[in-house]
Amino acid sequence: MFLKSIFLAYLATISIIPLYVAQNLEPKTSGFTVDLIHRDSKEPPLQRTNNALRRSFDRLTRLKALKCSKKPETEIVTSQTGEFLMKYSIGTPPVTTFGIADTGSDLTWTQCPPCIKCFKQIIPLFYPNKSSTYRRIPCKDATCRDIQLGSCSKSRNNCLYSQGYGDGSTTEGELARDTLTLGSGTGKTASFPNITLGCGFKNSGLFGEDESGIVGLGAGKYSLVGQLYPAIQGKFSYCLVPLSSETGNTSKLHFGTEAVVSGAGVVSTPLELNTAEVPFYLLTLQGITIGNQRFYVDDDEIDSKQRSKEGNTIIDSGTTLTFLPYRLYNKMESVVKSTIKLKPVKDPLGILDVCYYTPKDLKFSDMIVHFKGADVRLKTDNAFVRTNNVTTCLAFKPSADFPIYGNLAQTNFLVGYDLLKRTVSFKPKDCSRS
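The numbering of the sequence shown is our numbering, which starts it at 4 and goes up by one.
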C-alpha cells in the first residue's frame, strides 16, 4: 500500500516535459534505425515465449519497487530489466557491445575493467583507457550533482555511482562521457559525442553472456533518449516482432525522422511525463471492449484521490504481459470465458489464469484497448499466447498496484513516441517486414 501511495504521489507531479540537456551533440540527424534482438533469440519460439512470460513477474516486482524520488539512483537495475538487446558502440575507436534496451530505466551503463566483480561476458569489454574521447565526470560537474548516483573518488576526484537492490543485483563504477555510435544492419550509423554513461567495475545479476549492461531509454533527461533529444527531435518508435515468429527477422528501434508514425490506421493518445524524472512513460487507460461489451477502469480501484487522473498506466517494452486493475481484469476474464467454447485447461507454466486446449490456433474476435483519444484494436496474438503445443492462454494478469501495457499487446504495431508533442501513436504493421 505504501508503494502504491508513492506511485500515485509522483503521478500528481505530471507536467510539461523538462528541457533535456545534451552536450555538444552533432546537428539534427535525418533519422536512423537500430536492431532490437530478443534476449532469447537463439531459443526456439516456444521456449523464448515461456522465458519471457516468467520474466514478466520479475519485471512487475522491479517496477513496484521503484521508490519515487527525484534521484535516479532509486532505479531498480535488476537482471530482468527488459526483453530486447540493442547493439551500439562506445568510444574512439568504437567498441561494439550489446545492452538491454529498457524504456523503464535512465542510466546507460556497461561493464568496464578493472572488473573487480563482473558477470560473465563473452562479447568484448569496453576499455576506457583505449578510448581517446573518454572523459571522467568531475565531482563538481553539474551532471554529478543532478544524477546523485553516489559519491566522489578521493584519489581521482571524479563522480562515482553505486546501486544495490533487494534482489541482490548491483552495479558500481564511475560516471563518464564518451562518444556513442548507433546503427543498423544497413550500415548507416550516427555518432554522438559527450554522452553520459556509467562504466561499471562491480556488477552482478543474472545477465546473459551476450550483454554488457543497460541502455536506458526512459523518460528522464539523462536517459539515452533524453540526451539525444535535440538530434532526434524528441522522437523514437519501435516495431516488435512476435515472440512466436520463426522468420529470424529482428525488431526495429527508430529515431528522429525515421521514427515518425503516420498514415492510415494511426491512433494517438497523450503521453504523460513528470518533473520528478521518474523514467516511466505513462498513458491514460480508460477501458477495454470485447465484442459488444465495454468495461471501464474503476477510478476508485486505483485511488479515490486519483479519479479521472491522467497517466494511470505504464507503457513498457520490457514487460511481456499486460497487467490490469483487478476489477477490469475480472470483467474481461468473465467475458472471455463465456465467449470461448473450447476446453479449459491449466497453464502448464503455472503462470496464466485462463487457458484452453488448442491443438490448432485459437481464433478470437478483436479486443479493443481504450486509451484516452485512441482505440487500439488487438489481434488474437496480442491478447493470447501459446504456452505449449496444445495450450493457449489469455496474456493478461491482474495487479493490485498499477496497470502495465506490455509488449505482447504491442507486437505488430509501430509504436511511436513524440516527446515534443507528448503523444504515443499506434499503427498496425507486420513488423517482420519492417
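Backbone N, C-alpha and C fix where the C-beta goes; we use that ideal spot for every residue, glycine too.
Assigned secondary structure, residue i (DSSP; H/G/I helix, E/B strand, else coil)
i    : result
N197 : strand
K133 : helix
A330 : The displayed chain sequence assigns Arg, not Ala, to residue 330. Looking at R330 - three-state DSSP - the assignment turns out to be helix.
I140 : coil
V418 : strand
Y168 : In this predicted model, Y168 has a pLDDT of only 42, less than 50, meaning its place in the structure is not dependable enough to derive any value.
N295 : coil
P117 : coil
E261 : helix
K349 : coil
I343 : coil
R436 : helix
S254 : strand
R245 : Sequence inspection shows Pro at residue 245; the Arg mentioned does not correspond to that position. Coil, per DSSP.
I40  : strand
S337 : helix
Residue nearest to residue i in terms of C-alpha spacing, selected from the options
i    : options                : result
T323 : G290, K363, F399       : F399
T95  : N160, V388, T182       : T182
T287 : L276, Q296, R297       : L276
C396 : T52, L39, R42          : T52
L220 : S248, N206, L256, K375 : L256
D350 : C358, E214, I343       : C358
Q3   : K224, N391, G216       : The requested residue 3 is not part of the displayed model; the chain covers only 4 to 437.
N206 : T136, I119, L39, R389  : I119
C121 : F204, F405, A104, L227 : F204
P97  : S435, S135, N161, R42  : S135
Where the beta strand (DSSP E) containing residue i begins and where it ends
i    : result
L227 : Here L227 belongs to no beta strand (DSSP E); instead the alpha helix (DSSP H) covers 227-230.
N391 : 387-391
F429 : 426-431
S92  : 87-93
G221 : Careful: G221 lies outside any beta strand (DSSP E) and carries neither H nor E.
V270 : 270-273
V300 : No beta strand (DSSP E) holds V300; DSSP gives it neither H nor E.
Whole-number beta carbon distance between residue j and residue i, since they are thought to touch under 8 Å
i    : j    : result
C202 : P127 : Contact flag wrong, Cβ pair sits at about 14 Å.
L178 : I198 : Actually they are not in contact, since the Cβ atoms of L178 and I198 sit about 11 Å apart, beyond 8 Å.
A55  : L365 : About 19 Å separates the two Cβ atoms, so there is no contact after all.
S226 : S428 : Going by Cβ atoms, the distance from S226 to S428 rounds to 20 Å, so no, they are not a contact pair.
E273 : G376 : The residue you asked about is not Glu; residue 273 is Pro in the sequence shown. So it is a contact: roughly 7 Å between Cβ atoms.
T394 : V338 : The pair is not a contact, with the Cβ atoms about 20 Å apart (cut-off 8 Å).
Close beta carbons around residue i, own chain, < 7 Å, minus the five adjacent residues each side
i    : result
L417 : S240, C242, V264, K430, K432
Y299 : Q289, G290
Enclosing alpha helix (DSSP H) for residue i [first to last residue]
i    : result
D149 : 145-150
Sequence-distant residues of the same chain with beta carbon closer than 6 Å to residue i, five excluded per side
i    : result
I407 : I317, D319, T322, F326
T99  : S92
D421 : K238
L28  : Note that L28 scores a pLDDT of 45, beneath 50, so its modelled location is shaky; the value from the coordinates is reported in the next line. Correct list, in chain order: F195, P233, A234.
S156 : L163
Neighbourhood of residue i by C-beta, 8 Å cutoff - its chain only, sequence neighbours within 5 removed
i    : result
I125 : E212, D213
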